[in-house]
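The UniProt record's numbering puts the sequence shown at residues 1 to 338.
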Amino acid sequence: MSLFWRIFLLNAVVLVAATGLLLGPVTVSTPVLFTEAAILAVGLAAMLVANAVLLRIGLAPLQRLTRAMSTTDLLRPGKRPAADGRGEVAELIRTFNTMLDRLEAERAGSSARALSAQEGERHRVAQELHDEVGQTLTAVLLELKRVADHAPEPVREEIHQVQETTRTGLDEIRRIARRLRPGVLAELGLSSALKALAGEFSTPGLAVHHHLEPGLPPLDKDTELVLYRVAQESLTNTARHAAARHVELTLRRVAGGVELCVRDDGRGVGGAQEGSGIQGMRERALLIGATLTVGPAPMGGTEVRLAAPTRGGAARDTPGAAPGSTAPGSTAPGEGGR
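What follows is the structure, encoded as structure tokens:
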């Protein structure tokens, strides 16, 4: 029975019962006596209470659906509202759940394509920096050395300073190219890549300590790249925004997969809105069926935790993520805040 007819029949029953009482044992005289007015008031209150209770029970599924609509986040998939109720109420909830499934699948597919294209662009830019700009600066260094060998002493010292500046720029370009394309990840594996990443971010003002558990379960290339990019983005956010002095990078085995944890002692996220960096990490996590949590660390600061399933783990099905698809790239280092 539709919601319209249920409400109509409910009110009809109440009105028919009231009419029957007025035509039967309950009568009204002129003028109205106090006892008659009291009986009518009590009867009216009883009818209103009964009507309100029955409507509340009948419309409760719609209230739950409203709460689900207001809290739904495609980057944080949660439980679907139960399709309880009757008639079009249950049909409305089922339609909403179907719409969520379709939206999540479409977002996962578009995110996979966009981030995969971004990873390809990273690779191309890193290759051009290495092959074009890097080789040009190397040639400039060789030419400066040849000129310095034949220059008089006062000019030679200035040329040496130019050489050092050029060499510093060449090192910076190589560092950027390594961040854009983590060659050590493909050549030496995830543990070595994370160690190199921790060493790269370690500075006199920021100590990065890594704890990588040996004997981790085998991970596919997609999962390794997502773990590496999430660690990279987390360390970038810490170095740029957290004002931290110590960072702990941990990778360990958990039930059904591995867990990456990056924890700092900085100022924390507070009530700040999530920037594009964290949203990019959430999109990466969805592509491999992983769970990402970002929040305050136990001793202050910020904690980023990524639980990634292995092939044998109980991974959540991710709409739109095809098995064996290349894990797409995240935001560039430093792009976006926390």
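Beta carbons are placed, not taken as given, at the ideal position from N, Cα and C, and that holds for glycine.
In this text, all values refer to a predicted model and were calculated from it rather than measured experimentally.
| Query | Result |
| --- | --- |
| At least three beta-carbon pairs within less than 8 Å, the region 205–220 to the region 244–262 | yes |
| Minimum C-alpha distance to R267 - residue among A239, L235 and G301 | G301 |
| Cα-Cα separation, L227 to L129 | 25 Å |
| Opening and closing residue of the beta strand (DSSP E) in which V258 lies | G257 to D264 |
| Own chain residues within Cβ distance below 6 Å of I93, not counting five before or after | L65, P81 and A83 |
| Close-in-space but distant-in-sequence residues of the same chain around V125 (CB under 7 Å, 5 per side omitted) | L180 |
| Contained beta strand (DSSP E) runs [length at least 3] in the region 180–258, N- to C-terminal order | 207–212 and 246–254 |
| The beta strand (DSSP E) enclosing G295, as first and last residue numbers | T291 to P296 |
| Residue from R67, A60, T35 and V14 with nearest C-alpha to V49 | V14 |
| Local conformation of R168 per DSSP, three classes | The residue asked about is misnamed: residue 168 is Thr in this sequence, not Arg. T168: helix per DSSP, three-state reduction. |
| Cβ separation of T223 and I278, assumed to be a contact under 8 Å, to the nearest whole Å | Actually they are not in contact, since the Cβ atoms of T223 and I278 sit about 19 Å apart, beyond 8 Å. |
| Closest by C-alpha distance to N97, when choosing among Q273, L40, A186 and K79 | K79 |
| Where S110 falls, given that 16 or more other Cβ within 10 Å makes a residue buried | exposed |
| Span of the alpha helix (DSSP H), counted from its first residue to its last, around L129 | Premise fails: L129 is in no alpha helix (DSSP H) and is neither H nor E. |
| Inter-residue CB distance, R178 and L141 (contact presumed, cutoff 8 Å) | The pair is not a contact, with the Cβ atoms about 19 Å apart (cut-off 8 Å). |
| Local Cβ density within 10 Å of R263, reported as buried at 16 or more and exposed below that | buried |
| Cβ shell of A148 (< 6 Å), same chain only, five flanking positions each side left out | R156 and I159 |
| Limits of the beta strand (DSSP E) - the one that E303 falls within | T302 to P309 |
| Helix, strand or coil at R107 [DSSP, three-state] | helix |
| Cα-Cα separation between A314 and A52, rounded to whole angstroms | With a pLDDT of only 45 at A314, under the threshold of 50, the placement of this residue in the model should not be trusted; the figure read from the coordinates follows. Rounded to whole angstroms, A314 to A52 spans 45 Å at the Cα level. |
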